[in-house]
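Everything below concerns the one structure shown next.
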Amino acid sequence: MPVIGFINAAAAQSYKQQLSAFLKGLSEAGYVDGRNVTIEYRWAEEQNDRLPAMAADLVRRQVAVIAASSTPAVLAAKAATTTIPIVFEMGGDPVQLGLVPSLTRPGGNVTGVTQLNVEIAPKRLQVLHELVPSATIIGLLVDPTDLRVEQTRDIQEAAHALGLQIQVLNASSERDFDAVFAKLIELRAGGLVISGGPFFTSWQERLAALALRHAVPTIYIGRNFAAAGGLLSYGGDVNDAYRLTGVYVGRVLKGEKPADLPVQQATKVELYINLKTAKALGLTIPNTLVGRADEVFE
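Per our numbering, the very first residue in the sequence shown carries number 1; after that it's consecutive.
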């Protein structure tokens, strides 16, 4: 029975829906965990320094394929092996990060699926600005250990075009959150954009609660943020990206080579709005925004 090594930088409890989507894609390719394939899971729980050892352990176990989710996990897997097939799921640019020379011709042992989250980061700011047009100072929360610096650059350029001032704030530990929101209050920031990444995904409920407590209109990338009480979320369809990843893993198990499988892009973008949170913040959601939402939480 072939073994799949699954490695992720975050914690398992934060990725239940994504994992379910991955297993769905795997089943579409004809593989079911425990029936005709076994999955070895490695979750770094936001401790990226654990990833190289985890990836090396999967290589020692001679897994048939590594499914790597999140940029840090993908980079660790690529550094660990040049022969075992790697199928990634990530929000960054795999060419810019040196994972593949080309999206259409990956060429080596690595291919996978990307989400439209880095590319639409400026749009996330525009959606927040549409809701709170009077805000002139917007916070941008980033994880300094994440390599997707293009998010910061692109949002700053978009802010300049909108006449907004961006204040970049760092958090790489849950202990940093209270200081971040204290700084936002000190700056009199009118809103907060949370950049994508596995660390913030793991703390969506905590961030949503803090944003509401401190009355800071906040936008993130995933549905779970709005479902947990966050005001807005706008990002690529993460679950579809994980499903496509599962399909690709299945195709590799059947003998196809990553070099021959073009990098796919999950192109659907989703907008979620929490009207209850908007009311608590004293905000009226424009009908134009509500009309574009994939789902509204009341």
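Heads up, the beta-carbon is just placed ideally off N, CA and C, and yes, glycines get one too. These numbers were taken from a predicted model, which means no experiment stands behind them.
>> When you compare the region 158-177 with the region 95-111, are there three or more beta-carbon pairs, one atom per stretch, that lie closer than 8 angstroms?
In response: no
>> Tell me the rounded alpha-carbon separation between V63 and L210.
In response: 41 angstroms
> What are the boundary residues of the beta strand (DSSP E) that L261 is part of?
Replying inline: No beta strand (DSSP E) contains L261, which DSSP labels as neither H nor E.
> Between which two residues does the alpha helix (DSSP H) harbouring L192 extend?
Replying inline: Element bounds for L192: not the alpha helix (DSSP H) but the beta strand (DSSP E), G191 to I194.
> Residues bridged to A69 by DSSP?
Replying inline: The displayed chain sequence assigns Ser, not Ala, to residue 69. N8 and E89, per the DSSP bridge assignment.
>> Please return the same chain residues whose Cβ sits closer than 8 angstroms to the Cβ of P72, not counting the five positions on each side in sequence.
In response: A9, A44, N48, L51, T145, D146, L147 and P198
> Would the beta-carbon of G190 fall within 8 angstroms of that of A208?
Replying inline: no
>> Going by the DSSP bridge assignment, what does W304 pair with across the sheet?
In response: Residue coverage of the chain in this structure runs from 1 to 298, which leaves residue 304 outside it and unanswerable.
>> Tell me the DSSP secondary structure of I304 in three-state form.
In response: The structure shown has nothing for residue 304, since the chain only spans 1 to 298.
>> Quick test of the definition: if touching needs 3 or more C-beta pairs under 8 angstroms, does the region 280-289 touch the region 247-260?
In response: no
> Cβ-heavy atom distance between L128 and the ligand HEM below 7 angstroms?
Replying inline: Questions concerning the ligand HEM fall outside what the structure shown contains, since it holds no ligand whatsoever.
>> DSSP three-state label for L164, please.
In response: coil
>> On the CB-based measure, 16 or more other CB atoms within 10 Å of its CB, does A179 come out buried or exposed?
In response: exposed
> Can you name the start and end residues of the beta strand (DSSP E) that V296 belongs to?
Replying inline: E295 to F297
> Exposed or buried, which one is S305 when buried takes at least 16 other CB atoms within 10 Å?
Replying inline: With the chain running from 1 to 298 in the structure shown, residue 305 is simply not present.
>> To the nearest angstrom, how far is the alpha carbon of R301 from that of Y248?
In response: No statement about residue 301 is possible, as the shown extent of the chain runs from 1 to 298 and does not include it.
>> Helix, strand or coil for E130? Go by DSSP, reduced to three states.
In response: helix
>> Judging by CA-CA distance, which residue of I194, A68 and I273 is the nearest neighbour of R223?
In response: I273
>> Any contact between the region 53-61 and the region 21-35? By contact I mean 3 or more CB pairs, one from each, below 8 angstroms.
In response: no
>> For a test of the three-state rule: what should DSSP assign to I219, helix, strand or coil?
In response: strand
> With distances taken between CB atoms, is the gap from V37 to T245 smaller than 8 angstroms?
Replying inline: no
> With a cut-off of 8 angstroms, do at least 3 Cβ pairs link the region 165-179 to the region 109-121?
Replying inline: no
> How long is the line joining the alpha carbons of L141 and T111, rounded to whole angstroms?
Replying inline: 29 angstroms
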